[in-house]
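Just below is one structure, and these are the notes that go with it.
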Amino acid sequence: MPKKCTVIEKEDVVIRFSGDSGDGMQLTGTLFSDTAAIYGNDLTTFPDYPAEIRAPQGTVGGVSGYQVHLGHSVIYTPGDYADVLVAMNPAAVRANIKWTKFGGTIIIDKDNFTEKNIEKAGYKTDPVIEDNLDQYNLIAAPISSMVREALKNLNLDPKTILGTKNMFALGMVYWLFDRKLKYTEQFFEKKFSKKPELIEANKIALRAGYYYAETIEALAPIRINPAPIAKGRYRSISGNTATAWGLLAAAEKAGLQLFIGSYPITPATGILEELAARKDLGVKSFQAEDEIAGICASIGSSFAGMLAVTSTSGPGLALKSEAIGLAVMTELPIVIIDVQRGGPSTGLPTKTEQSDLLQALFGRNGECPVVVLAASTPTDCFTYAFQAARIAVEHMTPVILLTDGYLANGTEPWKIPSMKDLPDIHPPYASEQDLPYVPYKRDPEKLSRFWAVPGTPNMEHRIGGLEKTVKGTVSYVPENHELMVGFRDQKVARVAARIPDLKVSGEESGDLLVVGWGGSYGYRVMAVNELQAEGYKISNVTFNYINPLPGNVRDIFSKFKKIVVCELNLGQFANYLRMKYPEFHYEQINKVQGHPFTINEIKEQCLKLL
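Note that our numbering has the sequence shown beginning at 3, numbered continuously upward.
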């Protein structure tokens with residue numbers, strides 16, 4: 003960087019990369035995020051995919067975006083509005099201008115702003131005029147023509163050459179934020195190790211963008227200092243990958259082989275893909291022909307003594323409901339992961355929502371209780387996947403773990419834990435002292451039955467979907483059915499004794515308590531923190547244990563004048579709380595647009611209640 007440049011230091015910044023779904027925006031954002039993590043910045047990302055596999059090129063419906071918020075303090079959200087927008091075509095501008103800070107920097111590929119592309123994006127006139135782009139720091143770079151010129155001496159076809167224009171744009175952004183190119187160049191060397199021509203092409207395009215940004219006078223470099231973080235080994239991790247690794251850790255601590263039976267479904271497929279790639283760790287994976295086959299195979303593996311997992315999204319959870327009932331009736335441990343998306347039906351496959359809560363709690367026939375947990379951040383997914391497996395195994399019960407599309411695809415730095423710091427998991431195996439073996443004999447404290455793996459001498463037994471007696475024989479006796487229903491209900495209820503109390507962020511009493519669960523966490527934290535700094539008596543609580551609920555909820559709620567529940571649905575958790583704690587009045591902040599809350603949305607609604 004030239005010495006004459008005056009570097010602007012900032013606390014944090016939000017960058018959004020956007021273009022057609024074939025422009026490589028997800029990779030561009032990921033590479034920038036990885037470099038930011040290496041530099042020691044805290045960050046949170048928000049990949050925003052179009053629903054179509056490949057919408058018509060140049061249309062708003064086909065715009066793919068990747069937003070990253072980095073800073074030198076704790077970052078809780080991907081940010082409300084972008085300070086820097088990289089838009090590869092007019093459609094990307096049209097889709098994202100409303101999410102760009104007024105006066106912010108917009109980098110465009112002016113070669114793509116042709117009359118045809120402007121019309122396809124839905125503009126009637128020049129976007130510079132129609133969207134008042136002259137009110138921003140607009141950098142109209144001839145990106146496409148410059149990569150053609152930079153790569154003209156390489157023996158590459160025109161499509162491959164234009165495929166590097168995202169790296170030109172990334173090079174510009176690297177210069178803008180005073181970042182070295184070597185980490186991304188190392189990625190090229192690994193990714194294209196068998197295609198040296200692609201290594202060279204991408205390096206040239208990346209450097210060309212960097213030096214182009216260096217030579218123009220419209221940009222001033224920005225420095226974001228490293229965040230003060232605890233010592234340890236860190237890596238950037240997505241929610242889906244963290245979920246998979248939490249399950250791997252749980253299998254190791256339980257001494258069990260991990261089995262996943264799943265059907266690919268957006269946005270949960272990444273969990274299946276990550277675990278399927280872990281054959282070296284003993285994982286058995288089964289890509290089923292449908293959702294029902296996936297969970298039934300997992301139930302079979304649980305019966306056989308494995309740590310059983312199935313992953314899905316809302317439509318798949320509905321299809322699995324009867325089999326979940328079978329797992330409840332047989333009292334076998336299984337972890338069901340629901341990565342929520344916009345619904346109902348096919349709904350919004352690539353967009354986030356929190357609308358499967360009541361389905362997870364009650365979406366089965368009969369009295370069919372299961373434990374329900376919810377993760378709050380991408381790295382949280384590791385913690386609660388581990389906890390879901392621990393509870394499932396030690397309490398011999400199905401556990402549903404709720405994440406969502408925002409958490410699944412979002413990334414943030416994760417301090418890799420030491421295995422010795424994770425608690426051991428103790429499967430409740432039947433022993434010789436339990437002979438003769440009775441399938442539904444129960445632990446007097448937890449009410450869980452004992453696990454007899456097939457092949458264990460003298461422990462042959464029957465389980466199944468028909469109601470049984472304690473000895474495992476089919477029974478239609480009314481009193482026995484009521485007894486067994488009560489056992490299954492109380493077994494789940496007694497999990498409450500082993501989960502932590504709810505913690506309040508802020509004062510223990512006040513004017514307003516903001517309540518939420520799942521992926522709304524970061525936005526609630528930021529909104530409440532800002533209001534606290536303004537002098538308001540407001541606090542925040544996050545529920546990760548949904549069923550059973552923590553034991554101190556009533557005590558916490560009683561200390562606040564008002565309670566408001568934030569969630570990306572029409573009030574499912576609020577209604578659940580009304581059922582559990584009817585003595586309190588609950589206000590609601592709801593959103594069902596396929597996008598997370600913004601900080602300002604929560605702040606504005608809270609201010610109306612203060």
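We put the CB at the ideal spot given by N, CA and C, even for glycine.
Residue i versus residue j: straight-line alpha-carbon distance, rounded
{"i": "S315", "j": "T405", "result": "9 Å"}
{"i": "A362", "j": "N571", "result": "14 Å"}
{"i": "H71", "j": "D85", "result": "10 Å"}
{"i": "T61", "j": "V149", "result": "23 Å"}
{"i": "G124", "j": "I131", "result": "14 Å"}
{"i": "I402", "j": "V16", "result": "34 Å"}
{"i": "G596", "j": "A53", "result": "11 Å"}
{"i": "R580", "j": "P598", "result": "24 Å"}
{"i": "L158", "j": "G407", "result": "37 Å"}
{"i": "R451", "j": "S511", "result": "41 Å"}
{"i": "C97", "j": "L424", "result": "For the sequence presented, residue 97 should be read as Ala rather than Cys. Each residue's Cα considered, the two are about 44 Å apart."}
{"i": "P335", "j": "F34", "result": "40 Å"}
{"i": "K280", "j": "G257", "result": "Sequence inspection shows Arg at residue 280; the Lys mentioned does not correspond to that position. When rounded, the distance between both Cα atoms is 16 Å."}
{"i": "A410", "j": "G173", "result": "28 Å"}
{"i": "R56", "j": "K100", "result": "24 Å"}
{"i": "M27", "j": "Y523", "result": "26 Å"}
{"i": "D491", "j": "R464", "result": "21 Å"}
Status (buried if at least 16 other CB within 10 Å, exposed otherwise) for residue i
{"i": "K493", "result": "buried"}
{"i": "T1", "result": "Residue 1 cannot be examined here, being either before or after the span of the chain that is shown, 3 to 612."}
{"i": "T217", "result": "exposed"}
{"i": "P4", "result": "Only weak support exists for where P4 lies, its pLDDT of 45 falling under 50; the coordinates are left without a value."}
{"i": "S313", "result": "buried"}
{"i": "I373", "result": "First, the residue type needs correcting, since residue 373 is Val and not Ile in the sequence shown. By the 10 Å Cβ count, V373 comes out buried."}
{"i": "V311", "result": "buried"}
{"i": "F384", "result": "buried"}
{"i": "F179", "result": "buried"}
{"i": "M421", "result": "exposed"}
{"i": "A222", "result": "exposed"}
{"i": "R366", "result": "buried"}
DSSP bridge partner residues for residue i (one or two, in chain order)
{"i": "H71", "result": "V16 and T46"}
{"i": "I336", "result": "P400"}
{"i": "L156", "result": "Bridge partners of L156: none, in fact."}
{"i": "N592", "result": "E569"}
{"i": "V374", "result": "I402 and N549"}
{"i": "V516", "result": "N542 and V566"}
{"i": "W101", "result": "Paired residue(s): none; W101 is not in a bridge."}
{"i": "V506", "result": "V543"}
{"i": "I267", "result": "I267 pairs with nothing; no bridge assigned."}
{"i": "W453", "result": "Y431"}
{"i": "D111", "result": "A143"}
{"i": "D22", "result": "V65"}
{"i": "I262", "result": "S287 and V311"}
{"i": "E11", "result": "R225"}
{"i": "K192", "result": "Per DSSP, none; premise fails for K192."}
{"i": "L87", "result": "R18 and I108"}
{"i": "Y236", "result": "K417"}
Under the three-state DSSP convention, the category residue i falls into
{"i": "Y386", "result": "helix"}
{"i": "K417", "result": "strand"}
{"i": "N602", "result": "helix"}
{"i": "T127", "result": "coil"}
{"i": "C608", "result": "helix"}
{"i": "G349", "result": "coil"}
{"i": "T162", "result": "helix"}
{"i": "L250", "result": "helix"}
{"i": "R526", "result": "helix"}
{"i": "R225", "result": "strand"}
{"i": "T79", "result": "coil"}
{"i": "R181", "result": "coil"}
{"i": "G272", "result": "helix"}
Residue i versus the options, residue with shortest Cα-Cα distance
{"i": "E585", "options": "V566, P598, I294 and S560", "result": "S560"}
{"i": "Q607", "options": "V566, N577 and L579", "result": "V566"}
{"i": "L264", "options": "A215, V337, Y214 and G284", "result": "The sequence given here has Ser at residue 264, not Leu. Ranking the options by Cα distance to S264, first place goes to V337."}
{"i": "P230", "options": "E447, G73 and G520", "result": "G73"}
{"i": "G42", "options": "R225, K154 and N157", "result": "R225"}
{"i": "V543", "options": "E219, R556 and R18", "result": "R556"}
{"i": "I604", "options": "N577, N554, F575 and I540", "result": "I540"}
{"i": "N139", "options": "E219, G173 and K161", "result": "E219"}
{"i": "W247", "options": "D25, N227, E121 and A278", "result": "A278"}
{"i": "Y176", "options": "G31, P228, E276 and S240", "result": "G31"}
{"i": "T413", "options": "P446, G241 and I501", "result": "G241"}
{"i": "I163", "options": "V476, A377, N204 and P446", "result": "N204"}
{"i": "L2", "options": "N549, L208 and A171", "result": "Look at the range of the chain in this structure, 3 to 612, and you will see that residue 2 is not part of it."}
{"i": "V517", "options": "E481, G302 and Y578", "result": "Y578"}
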